[in-house]
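Everything in the sequence shown is counted per the numbering used here, starting at 60 for the first residue and increasing by one. C-beta: ideal position from N, C-alpha, C; glycine also.
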Amino acid sequence: MARRLTLCSVCLGLLFLSSCVAGSCPWIAESPELVKLFVPEFQKGGLKVVLRHTKTGRNVDRTDCLYPDEALDLNDGRKQAELIGKGFSSLSKSELQIYYSPYCRTLQTAEIAFPYSGKIRKDELVFGNESSPWLKEQIQRASKMGTNEVYVTHSPNMNEIKEDGIGVLGRDARLYWGMAAFFNPSADREPLGLLGCSLPDHWESIVSQAKNAGLLP
């Protein structure tokens, strides 16, 4: 019995250590100090944003998007995309360049969230092992100041963004529709300049905290 308890203690300890090493992408909305760091960096531009599509109505991999909202859940999926777009525009002092996977759910997320921003289809953003190294390269590549680049993609690609073999987000993106991860490749932060993460329903809190801190009018 004592041996079994010892083994259990060792296993729990190893799990704790692994979670500390990997960490979890902090939710920006849950930290006033992180909001104060995030908003000026967002407004200055130069960030890379990896965004999972919002809630889908059914699990189909279609690229022939014949009808509006065909791939997204007609209620939650559209609302989530609108919340993301409203949050981005509330903070905006920078331009957005949108890249999206060719599947309908990613295209429609991009169209609803960012109707007035330039959009470029990228086949490299479909889900698959070959996509993740490409996405990591984009995160690490410097972008021009004044522009934030948004990559609308799928949860497997987000989970496969790794540094030294460890997923940098520390969260399973499959659990979060519309999850966004923010990276600043010019920042002296590890891993990969990761700043924090957000969900669609976090944006109201982020904007409110930014106003209270005097970062927004």
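Item	Value
Cβ separation of LEU131 and THR168, assumed to be a contact under 8 Å, to the nearest whole Å	7 Å
Per DSSP, the bridge partner or partners of LEU155	ASN207
Element boundaries [alpha helix (DSSP H), containing THR136]	A small fix is needed here, since residue 136 is Gly in this sequence, not Thr. From DSSP, the alpha helix (DSSP H) with GLY136 extends over 135-150.
Where ILE87 sits in the DSSP three-state scheme	helix
Three-way DSSP call (helix, strand, coil) for PHE101 in this model	helix
Close beta carbons around ILE179, own chain, < 6 Å, minus the five adjacent residues each side	TYR158
Nearest candidate by alpha-carbon position, reference ALA88, set TRP262, LYS138, PRO161, GLY273	TRP262
As assigned by DSSP and simplified to three states, the class of ILE265	helix
Inter-residue spacing [alpha-carbon to alpha-carbon] between ALA81 and PRO215	Annotation note: pLDDT 48 at ALA81 (below 50); position unreliable, coordinate value reported separately. Distance between the alpha carbons of ALA81 and PRO215: 17 Å.
Backbone CA spacing between LYS138 and LYS114 [nearest angstrom]	9 Å
Inter-residue Cα distance where the pair is GLU183 and THR206	21 Å
Helix, strand or coil at CYS163 according to DSSP, with G and I counted as helix	helix
Where the beta strand (DSSP E) containing SER257 begins and where it ends	253-257
Touching by the beta-carbon criterion (3+ pairs, under 8 Å), the segment 268-275 and the segment 244-258	no
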